[in-house]
Amino acid sequence: MEGQVLFFRDTWAEVDLDKITDNLKAIKEILPSGTEMMAVVKANAYGHGDRQVAETALRAGATYLAVAFLDEAIALRKKGITAPVLVLGASRPKDVNLAAEKKITLTVFQEEWIKKAKDILNQNAKLKVHMKLDTGMGRIGIRSKEELKAVESLILNDDRFLFEGVYTHFATADHLDHFYFEKQLGRFNQMIEWLEVRPRYVHSSNSAAALRFPAASFNAVRIGITMYGLTPSLEIEPQLPVVLKEAFSLHSKLVHVKKLQKGDKVSYGATYEAAGEEWIGTLPIGYADGWVRKLQGQDVLVEGIRAPIVGRICMDQCMIKLPYYVPPGTTCTLIGRQKEEFISVNEVAQKLETINYEIPCMISARVPRIYKWNGEKTEISNSLLK
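Heads up: the sequence shown begins at 20 in my numbering, then just goes up one per residue.
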């Protein structure tokens, strides 16, 4: 990386792959013996980078990857990932040959889908499938014994389909109240008893369930949010048996510093007015980067000191009230640690009245990602210059 200029704007995110490794290894240590980890790398690995996180997860002990859509699975294949990949969402029957060719596992949950796929699938094709059961999430999945039997029969009676897995998804595994979780788990246990053949993989646990409910681990768990060092929900954070390390941080550099006098205004709508002499700094990051307008008033770290965003956030820039004169070129941290201060993803999520999952996902692709491995910056990904 030394000497290379791979982005030309002083805003970037850093992804610490060592922390992702540490998180996965810590999680694996508490799982029941023989339980495999599926690393969930959908949505560009929750904004962290699909290939980089996939490679890291596989090194750290994951044996399977999971994504939301076929497009994401194909993207991994194009980037050289050869490990098994499960598509968790719905795929079109007409794309089954592509999935078989790329050795991508599809989720099935409709009798009609299987019938259409049988008419399209090449005679010599082999397509791995996992059956999705809806035990109470209410999204996609088989709900009745009749549906299950019909789908399973169609799969088992066609040797082009390889019935590799069955799974469900919990709606409240990250809640303190266990009632609905226990109801779903009981329903899942009942439904897998209806199967004529128990497949290689039985999985139900997301991150929250994997860390809290060993009885729901079966022989594989799907690790998503905790892999990135983020808690599934704040209410269960004190109960988690592992210490998670946030892998994502966000930084920018001051491009302009000016002194305002009392009464001077800042940004669109002139909503901010200086109360006296104030130093204002401009950062080249705005809502087009995912740093949305609702973050007005959120703190940014400058030389380890909190500095609030003042005035409306623009498409490409925002302004902060500096504690004193700081020269242009000074690095500011929007998410992450600077000296003794730390702005967590959870803090930003609380400001936006949302969940931490959304924050790294919303930082747009035009923000370059710098990857750290073994304590060194090893790679820069910039989608604009590809």
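Glycine included, every Cβ here is placed at the ideal spot set by N, Cα and C. Keep in mind it's a predicted model, so treat the numbers as computed, not measured.
The alpha helix (DSSP H) runs of length 4 or more contained entirely in the region 41 to 120 are, from start to end of the chain, 61 to 65, 69 to 78, 89 to 97 and 115 to 120. When DSSP states are grouped into helix, strand and coil, residue 312 belongs to the helix group. One thing to note: residue 184 has its Cβ within 8 angstroms of the Cβ of residue 222. With contacts defined as CB atoms closer than 8 angstroms, residue 324 and residue 347 fail to qualify as a contacting pair. Scanning its chain for C-beta atoms nearer than 7 angstroms, with the 5 sequence neighbours on each side dropped, one finds around residue 337 the residues 302, 304, 305, 310 and 328, in chain order. Taken through DSSP and simplified to helix, strand or coil, residue 163 comes out as coil.
Taking C-beta separations shorter than 6 angstroms and ignoring five residues to either side along the sequence, the partners of residue 256 in its chain run 250, following chain order.
A direct Cα-Cα distance of roughly 20 angstroms separates residue 37 from residue 62.
Excluding five sequence positions before and after residue 144, the CB atoms of its chain that fall closer than 8 angstroms to its own CB belong to 115, 116, 119, 120 and 179, given in chain order.
Residue burial annotation: residue 51 is exposed, with fewer than 16 other C-beta atoms found within 10 angstroms of its C-beta. For residue 333, the secondary structure class from DSSP, reduced to helix, strand or coil, is coil. Counting along the chain, no beta strand (DSSP E) covers residue 246, and no H or E run does either. When C-alpha distances from residue 157 are compared across 264, 190 and 84, the shortest belongs to 190.
Residue 275 is classed as exposed because its beta carbon has fewer than 16 other beta carbons within 10 Å across all chains shown. The DSSP-derived three-state label of residue 38 is helix. A Cβ-Cβ distance of about 15 angstroms is found for the pair residue 133 and residue 106, leaving them out of contact under the 8 angstroms criterion.
Under the DSSP assignment, residue 230 falls in the alpha helix (DSSP H) whose first and last residues are 226 to 231. Looking at the backbone, the Cα of residue 390 and that of residue 100 are separated by about 18 angstroms.
Here DSSP, grouped into helix, strand and coil, assigns residue 182 to strand.
For residue 30, DSSP records a beta bridge to 271. Classified as buried, residue 203 has 16 or more neighbouring CB atoms from the shown chains inside 10 Å of its CB. Excluding sequence positions up to five before and after residue 281, its CB lies within less than 8 angstroms of the CB of 293, 294, 295 and 296, all in the same chain and listed in chain order. Per DSSP, residue 200 is one residue of the alpha helix (DSSP H) stretching across 198 to 212. Judged by DSSP secondary structure, residue 367 falls within the alpha helix (DSSP H) whose first and last residues are 364 to 370. Cβ contact annotation for residue 269 (same chain, cutoff 6 angstroms, sequence separation greater than five): 32, 353 and 354, in chain order.
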